[in-house]
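There are 2 protein chains.
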Amino acid sequence: MASKPTISDVALRAGVSKGAVSFALNNRPGVSAGTRARILLAVDELGFTPSRAARALSSSRTFAFGLVLARRPEMLRADAFFPPFIAGVEQVIAPAGMSLMLRFVPDAAAEKVAYTELANGRVDGVIVTDIRRRDPRPALLTGLGLPAVTLNRPTKRLPIAAVCMDDAPGVLAAMEHLIGLGHRRIAHVGGPRRYLHVDSRRRQWATALAAAGLPPGPFLEADFTAAGGARATAQLLQAPPLPTAILYANDLMAAAGMAEVSRRGLRVPHDLSIIGFDDSELSAYLHPPLTTIRTDAFGWGQAAAKALLAQLAGEQVTDVHLPAGVFVLRESTASPP
Amino acid sequence: MASKPTISDVALRAGVSKGAVSFALNNRPGVSAGTRARILLAVDELGFTPSRAARALSSSRTFAFGLVLARRPEMLRADAFFPPFIAGVEQVIAPAGMSLMLRFVPDAAAEKVAYTELANGRVDGVIVTDIRRRDPRPALLTGLGLPAVTLNRPTKRLPIAAVCMDDAPGVLAAMEHLIGLGHRRIAHVGGPRRYLHVDSRRRQWATALAAAGLPPGPFLEADFTAAGGARATAQLLQAPPLPTAILYANDLMAAAGMAEVSRRGLRVPHDLSIIGFDDSELSAYLHPPLTTIRTDAFGWGQAAAKALLAQLAGEQVTDVHLPAGVFVLRESTASPP
DNA sequence: GGATCTTTCTAAACCGTTTTAGCTGATCCT
DNA sequence: AGGATCAGCTAAAACGGTTTAGAAAGATCC
Chain A
5 MASKPTISDV
15 ALRAGVSKGA
25 VSFALNNRPG
35 VSAGTRARIL
45 LAVDELGFTP
55 SRAARALSSS
65 RTFAFGLVLA
75 RRPEMLRADA
85 FFPPFIAGVE
95 QVIAPAGMSL
105 MLRFVPDAAA
115 EKVAYTELAN
125 GRVDGVIVTD
135 IRRRDPRPAL
145 LTGLGLPAVT
155 LNRPTKRLPI
165 AAVCMDDAPG
175 VLAAMEHLIG
185 LGHRRIAHVG
195 GPRRYLHVDS
205 RRRQWATALA
215 AAGLPPGPFL
225 EADFTAAGGA
235 RATAQLLQAP
245 PLPTAILYAN
255 DLMAAAGMAE
265 VSRRGLRVPH
275 DLSIIGFDDS
285 ELSAYLHPPL
295 TTIRTDAFGW
305 GQAAAKALLA
315 QLAGEQVTDV
325 HLPAGVFVLR
335 ESTASPP
Chain B
5 MASKPTISDV
15 ALRAGVSKGA
25 VSFALNNRPG
35 VSAGTRARIL
45 LAVDELGFTP
55 SRAARALSSS
65 RTFAFGLVLA
75 RRPEMLRADA
85 FFPPFIAGVE
95 QVIAPAGMSL
105 MLRFVPDAAA
115 EKVAYTELAN
125 GRVDGVIVTD
135 IRRRDPRPAL
145 LTGLGLPAVT
155 LNRPTKRLPI
165 AAVCMDDAPG
175 VLAAMEHLIG
185 LGHRRIAHVG
195 GPRRYLHVDS
205 RRRQWATALA
215 AAGLPPGPFL
225 EADFTAAGGA
235 RATAQLLQAP
245 PLPTAILYAN
255 DLMAAAGMAE
265 VSRRGLRVPH
275 DLSIIGFDDS
285 ELSAYLHPPL
295 TTIRTDAFGW
305 GQAAAKALLA
315 QLAGEQVTDV
325 HLPAGVFVLR
335 ESTASPP
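Residue numbers (my numbering), protein chains in the order written: chain A, 5 to 341; chain B, 5 to 341.
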């Protein structure tokens, strides 16, 4: 009585066998309504909650999802995506009695170890983010037999479902907006090109440029940090021909870029237009408020969690397509000087 | 052979009993060097890794720590503390074979449920952040018998160790800097007052004001979001006497405040000095670069994880005191107009 | 009215570790 | 030489659930 009650205590109190209690608790047929009520009463009186460890051992399910992040700590310092993303995941899985197991690793080698450990009875499935070119993880995960969901689709055919958010419409709208304003030299500051979404945004940008009959603009590969954004901006601004607009792959780099522009005595948007990506919380409150492309990290987290949950429930899951990011017009863009 | 090898497979291959294998793997005495080598060889050949679930069940340890965050999703959107904090925790616990279990909950009621669930065989200990006034969690946790570490000390005497970072020196240095520049009306925009660290910073600010013989300045309670920071700033600026400097409880509010000041045609730092808190990644790259007080979230995470690990190892842990946040002078402060 | 199905429930096996109790044979001590 | 001690190992009992095989009791069928 002093220590935590077990299923045997419940069985004893309800005058049934352990098996009956297990059936009753898992809503399985084979228990009469009366007995079920008696069992639930005993559960309630004893304050019984099943031990996850025992459940995990006998049913070989862990009731946890895994998320492995391969990032250097400094890249996490101001990350605007993961906190809301994780919150979205949590909101969906917590009511289902599951929890999220997090792993931060510094590089790809550690990443592989982390997934292997997670596969070894720590989680029932994983959400794979930051898909890279020739990403080894889908193969690794199917090899490990670990159910998974990816954020965006890595390559054409894989037995892993993807939860996709198309960034083409957002980037296109942004580019059309700039081109409509009369911009002809539109630069792009992206993230590391190994990431698929970085490359995708870059392609949309290049396509829009070409479609408007404009010459290919300068592309700079930065690292998603404020420091990187400032550095890339400085580089774009150091020699003519100067771009009249810059599209960034996230708001953090855009904000830092905007500051860099100001520091050089140029004015946003008068001398240079700036567009970010993600619509982070601060962006609406910068000076000037940042025009950006909104992505719904929270909703993405929810969708990914739902897809993984459905997969574990045995449903045949296909790719999920979320509403594309929308272009949010604020005040960091104007006609070129 | 097809499925994952168990400890019995290893025992069979090495020609010993399961017990011997367990002893060898856990570096326990009672196994000769020769036998140990034979066992380790078998482990290697079979690629054996012990099942966490079975381990958890028989040793009643879960090899995971828990972290429960009671925040509304919008407060997480731009949070600069948790990503590096969690990264710090991870860096310490991963080599020890442990992982982090995360829970996001919307309010205090859900919080209690979350801790109770975690206590029930899901984690070996928790890190408690965002300590509030009359926080019910320390009592809850000691009641649940769940080892814990708090970030900063809630009240005087509790059997829970705290990992503390003193913000007094940083705030004091900031205030001395402002007062030295000649400021006499220094406002403070804090976070929700139920948080102990909010109250602590507010007290330091008030004390410094009093120590300099200045009248108590206006305090505004905001919510740590950019929107809240902008709103509070607007309120401070709407009626004279205007403050000549504002100290914010985080960089996000400070950044939004700075933009709000600019929007009103005032110039930072010429017309108004601004100081933030935390030194988030963007702050050094704002225009002007934000003067702030640096807190080491990553180091805090490491220290908290170490303390919890030590506690689980049976060590008598006392409070840990981390280096205080340092004042980082940049360009958002100047003499009052 | 007996054979056959269902339904409801029990007993026991099982999941893969850790841990305890106890069994060996060698060594030490007097 | 013979008992105590010890390291090195084995066998088996936990840990707390799930799951399977099968028993007991009613309901159904011809």
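For every residue, glycine included, the Cβ atom is placed at its ideal position computed from N, Cα and C.
Since we're looking at a predicted model, the values are computed, not measured.
Residue state for Asp203/A is assigned as helix, using DSSP reduced to three classes. Of all alpha-carbon atoms in Gln306/A, Ala259/A, Ala191/A and Val330/A, the one lying nearest the alpha-carbon of His291/B is that of Ala259/A.
Look at Glu180/B here: in three-state DSSP terms it is helix. C-alpha of Ala118/A to C-alpha of Ser336/A: approximately 42 Å in a straight line.
In the same chain as Glu121/A, and ignoring 5 residues on each side of it, no C-beta atom comes closer than 7 Å to its own. Judged by DSSP in its simplified three-state form, Met257/A adopts helix. For Leu106/B, the secondary structure class from DSSP, reduced to helix, strand or coil, is strand. Our two residues, Val72/B and His192/B, have alpha carbons roughly 29 Å apart in a direct line. The criterion of a C-beta distance shorter than 8 Å is not satisfied by Phe86/B and Pro9/A. Interface criterion not met: the Cβ of Glu49/A is under 8 Å from no Cβ in chain B. With a contact defined as Cβ atoms closer than 8 Å, Val153/B and Val167/B qualify at about 6 Å. Taking one beta carbon from each stretch, the stretch 249-269 of chain B and the stretch 100-110 of chain B have fewer than 3 pairs nearer than 8 Å; the two do not touch. Each residue's CA atom was taken as its position, placing Thr295/A and Leu218/B some 42 Å apart. By the rule that beta-carbons nearer than 8 Å mark a contact, Thr66/B touches chain A. Contact check for Phe223/A against Ala253/A fails: the beta carbons are separated by 8 Å or more. Under a 10 Å Cβ-count criterion, Arg81/B is classified as buried, with 16 or more other Cβ atoms of the shown protein chains found around its own Cβ.
Contact holds between the stretch 55-70 of chain A and the stretch 95-104 of chain A, because three or more Cβ pairs, one in each stretch, are under 8 Å apart.
Residues of the stretch 82-104 of chain A with a Cβ closer than 9 Å to any Cβ of chain B, in chain order: Ala82, Asp83, Ala84, Phe86, Pro87, Pro88, Ile90, Ala91, Gly92, Val93, Glu94, Gln95, Ala98, Gly101, Ser103 and Leu104. DSSP places Arg298/A in the uninterrupted beta strand (DSSP E) bounded by Thr296 to Arg298. Assignment of Phe281/B by DSSP, reduced to helix, strand and coil, places it in the coil class. Shown here, Ala165/A sits in a strand according to DSSP, grouped into three states. Two segments are said to touch when three or more pairs of C-beta atoms, one from each, lie closer than 8 Å; by this definition the stretch 30-45 of chain B does not touch the stretch 178-196 of chain B. With respect to chain A, the C-beta atom of Arg271/B has no partner C-beta closer than 8 Å. Taking all protein chains in view, the Cβ of His201/A is crowded by 16 or more other Cβ atoms within 10 Å, so the residue is classified as buried. Under the three-state reduction of DSSP, Ile135/A is assigned to coil, being neither helix nor strand. Contact check for Ala123/A against Val321/A fails: the beta carbons are separated by 8 Å or more. Across the set Ala178/A, Ile131/A and Asp275/A, the C-alpha of Ile131/A shows the shortest separation from the C-alpha of Gln315/A. Assignment of Ala249/B by DSSP, reduced to helix, strand and coil, places it in the strand class.
Burial check for Asn156/A: the Cβ neighbour count within 10 Å reaches 16 or more, so the residue is buried.
Not flagged as an interface residue toward chain B: His274/A, since no C-beta distance is shorter than 8 Å. The CB of Gly195/A never comes closer than 9 Å to any CB in chain B; the least such distance is about 15 Å.
By the 16-neighbour rule on beta-carbons within 10 angstroms, Leu150/B is buried. Just so you know, the alpha carbons of Pro340/B and Leu240/B end up roughly 16 Å apart. One thing to note: Met169/B has its Cβ within 8 Å of the Cβ of Ala328/B. As far as DSSP is concerned, His187/A takes part in no beta bridge. Shown here for Leu144/B: same chain residues with a beta carbon closer than 7 Å to its own, the five before and five after excluded, namely Lys116 and Tyr119 in chain order.
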